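First the structure, in the form of structure tokens, and then the observations on it.
Numbering (this note's numbering), first residue to last: 72 to 471.
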């Protein structure tokens with residue numbers, strides 16, 4: 072469904088898209104955060120690591136598989152607990168969280184510890200991802216993939232990763248920010264963002280190592296809670312939380328800690344920070360106008376994004392969808408109760424019916440094509456996908 076002279080391609084990248092370039096796996100990042108939190112404790116104290124461990128242990132007891140607990144769960148719980156902290160004595164109604172009378176915490180944590188823990192977690196995330204970005208891995212095959220798409224399509228690339236590996240592969244992609252020559256952090260391009268819908272771009276849906284909340288500044292027109300683009304991630308790191316006590320209000324009287332880290336578990340309040348709401352609006356529009364959608368290395372755990380992918384695939388003439396991921400034994404849709412959340416979202420929400428019952432085809436090793444020929448799955452991982460562009464060309468010729 073082209074708007075300009077080219078067809079339109081949307082690429083959505085998840086954590087699995089950067090593994091071959093040195094980005095950490097979710098479990099590795101969780102382990103790194105746990106160790107970093109312990110180091111962030113004041114000398115001789117263990118309050119932060121104790122708080123982290125208590126939350127992790129309670130989640131492990133609660134969830135069906137203890138190994139499923141990861142940093143996003145813990146970070147989400149910290150933010151939710153902060154929202155339910157008792158209101159300030161004498162607070163007017165607008166600042167009295169409505170759920171507080173019904174909520175009793177059984178954790179032995181106070182608000183100051185939770186604030187410090189949230190900051191320690193984001194510090195660890197950005198330190199780890201900045202290191203992965205600064206390692207400057209070989210992005211040649213990724214650059215070729217992006218370049219090939221851009222020949223015939225307007226590329227709108229969205230990522231839920233924090234690293235800047237995509238921009239290392241294609242540094243000219245439009246990010247939605249205007250970089251300044253004076254060294255100040257770049258401001259969101261509010262004047263031109265919606266006029267540049269036919270510009271090849273890369274947009275960060277869950278935050279970036281380049282994001283930060285600089286202090287309000289009239290000279291640079293920086294408002295409270297406004298995300299700016301820092302060219303140097305090591306500088307951005309100092310402004311990830313807008314100050315350890317910087318909070319944004321919610322409509323029901325609660326407050327949430329500002330952070331450049333967004334998770335798929337609950338992002339509503341994070342979208343108050345400019346320009347996140349603009350990015351999500353653009354994502355919705357782009358997938359609805361797309362001729363082809365690539366979903367790469369995604370666990371499909373962000374239901375918000377899945378809804379829009381599902382809406383795009385519900386069109387009378389749905390966009391072609393190419394799903395790239397890794398399955399140890401190759402892709403095969405489990406049956407009945409053995410289906411994971413990812414399987415359910417892929418089959419029912421994204422309408423990728425790549426099963427025997429739907430006459431799926433296997434044109435070559437690693438590829439499964441849905442019976443209606445509107446979607447294809449590659450099950451050998453993103454690295455192998457990038458190394459064999461000829462196979463992709465042949466598969467795309469089979470899709471309608």
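The beta-carbon is built from N, C-alpha and C at its ideal position, and this holds for glycine as well.
Fair warning: this is a prediction, and the values are worked out from it, not measured in the lab.
Asked                                                                                                                                                                        : Found
Helix or strand or just coil, what does DSSP make of residue 114?                                                                                                            : coil
Is residue 284 helix, strand or coil by DSSP?                                                                                                                                : coil
Going straight from the alpha carbon of residue 242 to that of residue 184, what length do you get?                                                                          : 39 Å
Report the CB separation of residue 245 from residue 272 in whole angstroms; it is logged as a contact under 8 Å.                                                            : 4 Å
Express the C-alpha separation of residue 378 and residue 448 in angstroms, rounding to a whole number.                                                                      : 19 Å
Can you tell me the Cα-Cα spacing of residue 489 and residue 115, whole angstroms?                                                                                           : With the chain covering 72 to 471 only, the question about residue 489 has no answer from this structure.
Confirm, please, whether the CB-CB distance from residue 227 to residue 257 is below 8 Å.                                                                                    : no
Could you please give me the residues that DSSP links to residue 347 through a beta bridge?                                                                                  : The partner list for residue 347 (beta bridge, DSSP) is empty, contrary to what the question assumes.
Please give me, in chain order, every unbroken run of the alpha helix (DSSP H) with length at least 4 that falls completely inside the segment 80-126.                       : 97-111
Excluding the 5 residues flanking residue 345 on each side, which residues of the same chain have their C-beta closer than 7 Å to its C-beta?                                : 259, 297, 298
Are there 16 or more other CB atoms within 10 angstroms of the CB of residue 237, so buried, or fewer, so exposed?                                                           : buried
Out of curiosity, what's the CA-to-CA distance linking residue 430 and residue 402?                                                                                          : 15 Å
Can the beta-carbon of residue 413 be found closer than 8 Å to that of residue 384?                                                                                          : no
Below 8 Å between beta carbons: does that hold for residue 276 and residue 394?                                                                                              : no
Out of 208, 426, 443, 453, point me to the one whose CA is closest to residue 388's CA.                                                                                      : 443
Compare the beta carbon distance of residue 333 and residue 278 with 8 Å and say whether it is the shorter of the two.                                                       : yes
What are the uninterrupted segments assigned as alpha helix (DSSP H) that are 4 or more residues long and contained completely in the segment 189-276, given in chain order? : 211-223, 236-240
Terminal residues of the continuous alpha helix (DSSP H) containing residue 152?                                                                                             : 142-154
Using the three-state DSSP reduction, which class does residue 332 fall into: helix, strand or coil?                                                                         : coil
I need the DSSP call for residue 297, collapsed to helix, strand or coil.                                                                                                    : strand
Tell me, please, which residues DSSP counts as bridged to residue 391.                                                                                                       : 363
Whole angstroms is fine: what's the gap from residue 249's alpha carbon to residue 286's?                                                                                    : 18 Å
Sorted by chain position, which residues of the same chain lie with C-beta nearer than 6 Å to residue 331's C-beta, five sequence neighbours on each side aside?             : 278, 282, 311
Helix, strand or coil for residue 316 per DSSP?                                                                                                                              : With a pLDDT of 47 at residue 316, under the threshold of 50, the modelled position of that residue is not reliable, and the figure given next carries that caveat. Three-state result, residue 316: coil.
Which of the three DSSP states is assigned to residue 447 in this structure?                                                                                                 : strand
Counting only the same chain and skipping the five closest in sequence on each side, list residues whose C-beta sits under 6 Å from that of residue 191.                     : 108, 111, 119
Are the Cβ atoms of residue 391 and residue 446 separated by less than 8 Å?                                                                                                  : yes
In angstroms, rounded to a whole number, what distance separates the CA positions of residue 457 and residue 307?                                                            : 31 Å
Restricting to Cα atoms, I'd like to know which of 450, 463, 195 is closest to residue 399.                                                                                  : 450
Which residues share a DSSP beta bridge with residue 379?                                                                                                                    : Paired residues: none, contrary to the question.
Compute the Euclidean distance between the alpha carbons of residue 211 and residue 225, then round it to the nearest angstrom.                                              : 20 Å
Within 10 angstroms of the Cβ of residue 209, are there 16 or more other Cβ atoms? Answer buried if so, exposed if not.                                                      : exposed
Looking only at its own chain, which residues have a Cβ that is under 6 Å from the Cβ of residue 362, when we skip the five neighbours before and after it?                  : 78, 79, 390
Please name the residue or residues paired with residue 439 in a DSSP beta bridge.                                                                                           : 448
Can you have a look at residue 329 and say buried or exposed, based on whether 16 or more other CB atoms are within 10 angstroms of its CB?                                  : buried
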